[in-house]
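Sequential numbering from 2 applies to the sequence shown in the numbering used here.
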Amino acid sequence: MEIILSTLHIIQYYFLPFVIVLGIMIFFHELGHFLVAKCFGIKVLKFALGFGPALAKKTIGETEYSIRCFPLGGFVKMLGENMLDEEDEDLRDLKPEDEKRSFSNKHPLKRMAVVSAGPVFNLALALLMFCAVYLVSGMNIILPEIGQVTKGSPAEKAGFLKGDTITAVNDTKIRSWMELKQQVRDKAGIPLVMTVKRNDHYVTLTVIPEETTVKNQFGEIVKTPLIGIVAAGNQGRIKLKPGEAIEEGFKETWRWIKMTFLVVEKLFQGVVSIKTLGGPILIGQMTGRIVQDDIGYLVPFMAIISINLGILNFFPIPILDGGLIVFLLIELITGRPVSLKKREFAQRVGLFLLVLLMTVVFYNDLTRVLK
């Protein structure tokens, strides 16, 4: 009985939330391909969520829509997408009226737009999610209140005290500790005039940030301007106007896009260990924990996953959207498509790399579970 209850708990709090979250990501990705293909008059034969045998399917108009057994993916099948494959069944008895609706007969730029639309829709979904969260819930912040002043630091010399709240820097309003850090960044040796709330009155202090050697989030030694204060750690929430919510949504989306590329760069440099990579099991675990602990964090978490999925698909690996974009760029430059033989070889290499990556992340996931 205990095993049954444990299994039901895993299904309810881990498997189902994971499938729903991943399903939304995949749906929007494939919807991007589908809508742009339709926009260019390309005939879409199939729209599927998942792989393998169909659990449910229905044909509406000229397109078969289906939900399939394995939820780790999806696809949109367009007429003539295997443009150089003479054995493509869809091209054998091609009707004259459908010939111009074939994917292969469209200009390379239009095909590139169709291929790019999937990852772009993932990024757009993340943007919408962040904007919605900021619009509905506002923005959680760490208040710009000083919890500690380092001895001998520029802040101590300038007269800052524990308990001070910084409200402005050079006449720029400060609402959070993050905004304060942004004002100090890249300002080494430059005097900063700060308005400080102390008890019930305001004082103006001038501080000059000093370039200091510290460890960044990746453990690297870097130089950064500091004034020598530590946040008290008190949290607050700011209500945002629609325009502000959209602006913050764009900022947060761009921050995570940059962070994703930075992590990839650090992986290649060996700064970040490949052991830190996670796959479906880790995503399932994190989704389950969020659902149980604080479901309010689910939408931002989904936005981050959507960004990762979008960027991953832009990688120039054959079998991914980015690989097909490379083929189309070559066709655009040379005036002729890459030969089927070369494409198939590249796709085999791409499949090998993808399987290798999945093996690594599954191994990492299982290692974490067993620990």
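Glycine residues also receive a C-beta, built at the ideal position from the N, C-alpha and C atoms.
CB of residue i within 8 angstroms of CB of residue j, strictly
i                : j                : result
phenylalanine 48 : phenylalanine 35 : yes
isoleucine 1     : isoleucine 147   : The question about residue 1 has no answer here: the residues shown for the chain are numbered 2 through 372.
leucine 50       : arginine 69      : yes
isoleucine 43    : lysine 96        : no
tryptophan 257   : isoleucine 305   : yes
valine 215       : valine 223       : yes
threonine 288    : valine 22        : yes
Close beta carbons around residue i, own chain, < 8 angstroms, minus the five adjacent residues each side
i                 : result
leucine 354       : Ile318
histidine 30      : Gly75, Gly119, Pro120, Phe122, Asn123, Leu310, Gly311 and Asn314
proline 210       : Pro155, Val185, Lys188, Ala189, Gly190, Ile191, Leu193, Pro226, Leu227 and Ile228
phenylalanine 219 : Lys267, Val272 and Val273
arginine 176      : Ile142, Pro145 and Ile239
glutamate 98      : none
glutamate 221     : Val272
lysine 342        : none
valine 300        : Met130, Ala133 and Val134
threonine 60      : Tyr66
Residues near residue i by beta carbon distance below 7 angstroms, same chain, minus five either side
i              : result
glutamate 253  : Phe131
glycine 160    : Leu206
leucine 358    : none
valine 150     : Ala156, Glu157, Phe161, Leu162, Lys163, Gly229 and Ile230
threonine 173  : Gln184
isoleucine 275 : Leu268 and Val361
valine 370     : Ile282
isoleucine 331 : Val339
lysine 152     : none
proline 243    : Leu136
Proximity to residue i [Cα-Cα], best of the options
i                : options                           : result
tryptophan 178   : Asp201, Val204, Ala347 and Asn141 : Asn141
serine 307       : Phe346, Val327, Thr261 and Glu266 : Thr261
alanine 127      : Met26, Arg369, Asp201 and Gln348  : Met26
arginine 349     : Leu371, Arg369, Leu321 and Gly336 : Leu321
alanine 169      : Tyr203, Lys259, Lys158 and Lys96  : Tyr203
serine 298       : Arg369, Gly139 and Phe71          : Here residue 298 turns out to be tyrosine, not serine, going by the sequence shown. Of Arg369, Gly139 and Phe71, the residue nearest in Cα terms is Gly139.
arginine 376     : Ser340, Lys39, Ser67 and Pro338   : Lying outside 2 to 372, the shown extent of the chain, residue 376 is not represented and no answer is given.
leucine 129      : Lys343, Phe302, Arg369 and Leu341 : Phe302
serine 105       : Pro338, Gln183, Gly323 and Ala232 : Pro338
leucine 263      : Asp294, Ala232, Asn217 and Asn235 : Asn217
leucine 181      : Gln236, Val370, Ala232 and Lys59  : Ala232
glycine 250      : Glu65, Thr60, Leu32 and Val137    : Val137
phenylalanine 28 : Leu80, Phe41 and Ala125           : Ala125
valine 37        : Thr368, Gly24, Glu63 and Met79    : Met79
Own chain residues within Cβ distance below 6 angstroms of residue i, not counting five before or after
i                : result
leucine 329      : Pro109, Arg112 and Met113
isoleucine 247   : Cys132
aspartate 165    : Ile147, Val197 and Arg199
methionine 195   : Ile167, Val170 and Leu206
serine 67        : Ala49, Ala55 and Lys58
valine 327       : Pro317
leucine 352      : Ile320
phenylalanine 71 : Gly51, Phe52 and Gly53
CB-CB length for residue i against residue j, believed under 8 angstroms
i            : j             : result
leucine 374  : valine 356    : The first residue shown for the chain is 2 and the last is 372, placing residue 374 beyond what the model contains.
leucine 325  : valine 116    : 5 angstroms
leucine 17   : proline 281   : 14 angstroms between Cβ atoms; not a contact.
leucine 283  : aspartate 366 : 5 angstroms
tyrosine 364 : leucine 241   : Actually they do not touch by this definition, with Cβ atoms about 42 angstroms apart.
Residue i at chain B interface by Cβ criterion, 8 angstroms
i              : result
isoleucine 305 : Absent here is chain B; the protein component of the structure consists of one chain.
| query | Residue ranges of each alpha helix (DSSP H) run of no fewer than 4 residues wholly in the stretch 155 to 191, ordered along the chain? | reply | 155 to 159 and 178 to 185
| message | Which runs of the beta strand (DSSP E) at least 3 residues long sit entirely within the stretch 198 to 224? Give them in chain order. | response | 202 to 208 and 211 to 216
| field | Complete runs of the alpha helix (DSSP H) confined to the stretch 12 to 45 [at least 4 residues] | value | 17 to 40
| task | Can you check the stretch 42 to 72 for any alpha helix (DSSP H) of at least 4 residues that lies completely inside it and give the ranges in chain order? | result | The alpha helix (DSSP H) runs of length 4 or more contained entirely in the stretch 42 to 72 do not exist; there are none.
| message | Threshold first: 4 residues or longer. Then list the alpha helix (DSSP H) segments lying entirely within the stretch 285 to 349, N to C. | response | Counting only runs of 4+ residues, the alpha helix (DSSP H) found wholly inside the stretch 285 to 349 occupies 299 to 315 and 322 to 335, in chain order.
| task | Go through the stretch 77 to 152 residue by residue and report every complete run of the alpha helix (DSSP H) that reaches 4 residues or more, in order. | result | 90 to 93, 97 to 100 and 109 to 138
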